[in-house]
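Counting from 1 along the sequence shown, just add 1022 to a position and that's the residue number in my numbering.
Built from N, CA and C at the ideal position, the CB exists for glycine as well.
All figures in this text were calculated on a predicted structure; none of them were measured in a lab.
Here is the structure we will look at, set down as structure tokens.
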Amino acid sequence: MKHRIANLLCALSLLPACGQESAGPAGGAPAVADNEQVQSRGANKDNWWDALPRPEWAAFEKIPQDQDWFEVYRVADGVYAIYEPGQFEEVMSFLIEGEERALLFDTGLGIGDMRRVVEQLTELDVIVLNSHTHYDHIGGNWQFDTIYGRDTAYTRGRTAGSPPEAVAGFLQEGWVWKALPEGFVAGEFSSRAFDIDRYVDEGDRIELGARSLEILVTPGHAPDSICLLDHENRLLFTGDTFYLAPLYTHLEGSSFADYARSAARLAGLAGRIDAALTSHNVPVVESRYMTALGAAFAAIEAGTATDFTLSDGYREYHFDGFSVIVRDEDQPAGQ
Ligand SMILES: [Zn+2]
1023 MKHRIANLLC ALSLLPACGQ ESAGPAGGAP AVADNEQVQS RGANKDNWWD
1073 ALPRPEWAAF EKIPQDQDWF EVYRVADGVY AIYEPGQFEE VMSFLIEGEE
1123 RALLFDTGLG IGDMRRVVEQ LTELDVIVLN SHTHYDHIGG NWQFDTIYGR
1173 DTAYTRGRTA GSPPEAVAGF LQEGWVWKAL PEGFVAGEFS SRAFDIDRYV
1223 DEGDRIELGA RSLEILVTPG HAPDSICLLD HENRLLFTGD TFYLAPLYTH
1273 LEGSSFADYA RSAARLAGLA GRIDAALTSH NVPVVESRYM TALGAAFAAI
1323 EAGTATDFTL SDGYREYHFD GFSVIVRDED QPAGQ
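Below, the structure is given as structure tokens:
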């Protein structure tokens, strides 16, 4: 997957419309996007969505539910990926069931009705916990009664909600190819406020009944990034700390140094998991990618990562299956 770094600065999560008009598509696929970023993810096709469906999803059972906006797949025992392929982020949230309750790891963009899809998947009480509080992971939080979260200043800022201009970029031209849900008003799309009921921290375990999830505090991509480790089932939920696409250490609030420590930590877990579940594009990746993630950050820090492309203020370091975008000021000394 090839991106141009300059365009990536507009990408994912944080930055509002980035100078683009935020034209909410009324429905159906727009014509060929003139936005280079969204074109370039289309693997040499006209538009990024022409490269969908990603073949990796075919390995999983698709679960029926009644909203076109979402696709739902059973990706492991008791684990559903709730995927939003209609928007450029291709974000996914995970519903993880125990015998007594369920945990929803992220709530997506807030375009579809997340609560409705969750209620069609489980009758259990649901706890919401976010992998981090970038807008594309908290969009449906407001719909849920029980929300756990980190006690950080960054998190608190997001609980207050954000106005339409903060999230208008998600709907800009070329970023949405599916019809928006009936009744969705693009101009009113905002990040709605929510309350955290219980704070969680490093090492806490959330007991779902015959399933226990350990919280790993893994800052770097965002100040409040966490991963979830399901020891018994040998699964690691990585949020945005790892996925098969450019990894961002350069966003506002990101920290390369923290990310490198978190990467080393996840690498140390590679032998204790069978798979990692990631929050964009592809739901399940092999555990060896955790080793590769740690090695990638170590090589960047050591100045031995030599396959990179330059852009104004940034470098994108290329590795097998993913890349890492690093600010110039975070390059190792002498680079
Ligand atoms: Zn993010």
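Within the model, the alpha-carbon separation for H1156 versus Q1194 is close to 17 Å. Distances from the alpha-carbon of F1319 to those of I1118, S1277, V1304 and Y1095 put S1277 closest. CA-CA distance, R1220 to L1230, rounds to 15 Å. Apart from the 5 residues on each side of it in sequence, A1098 sits with its Cβ closer than 8 Å to the Cβ of N1255, L1257, A1297, L1299 and V1306 in its chain, given in chain order.
With a beta-carbon spacing of about 20 Å, T1271 and A1292 fall beyond the 8 Å limit used to define contacts.
Approximately 16 Å separates the beta-carbon atoms of A1124 and M1114; this is outside 8 Å, ruling out the contact. H1156 has its CB nearer than 6 Å to a heavy atom of ligand 1. Boundaries of the alpha helix (DSSP H) around G1179: A1175 to T1181.
Taking non-hydrogen atoms of ligand 1 into account, the C-beta of D1128 is found less than 6 Å away from none of them.
The beta carbon of D1262 sits closer than 6 Å to at least one heavy atom of ligand 1. E1106 and E1093 have their C-alpha atoms roughly 7 Å apart.
Across the set L1273, E1122, P1185 and Y1311, the C-alpha of Y1311 shows the shortest separation from the C-alpha of L1266.
Counting of Cβ neighbours within 10 angstroms places D1158 among the buried residues, the total reaching 16 or more. In the DSSP assignment, Y1095 falls within the beta strand (DSSP E) that extends over E1093 to A1098. Judged by DSSP in its simplified three-state form, Q1165 adopts helix.
In this structure, I1237 places its C-beta atom within 7 Å of the C-beta atom of D1226.
Taking each of W1079, D1167 and D1352 in turn and checking the Cα distance to L1146, the smallest one comes out for D1167. Beta-bridge annotation (DSSP): K1084 is paired with Y1095. In this chain, L1146 is not harboured by any alpha helix (DSSP H), its DSSP state being neither H nor E. Closest by C-alpha distance to E1112, out of L1074, L1250, T1263 and D1329, is L1074.
Secondary structure note for G1261: it is in no alpha helix (DSSP H), and the uninterrupted beta strand (DSSP E) holding it is L1257 to G1261. Looking at the backbone, the Cα of D1350 and that of F1344 are separated by about 19 Å.
For G1196, the number of other beta carbons within 10 angstroms of its own is at least 16, and it is reported as buried. Of the candidates F1127, V1222, L1250 and S1301, the residue whose Cα lies closest to the Cα of I1295 is L1250. A straight line joining the alpha-carbon of K1084 with that of A1282 spans about 35 Å.
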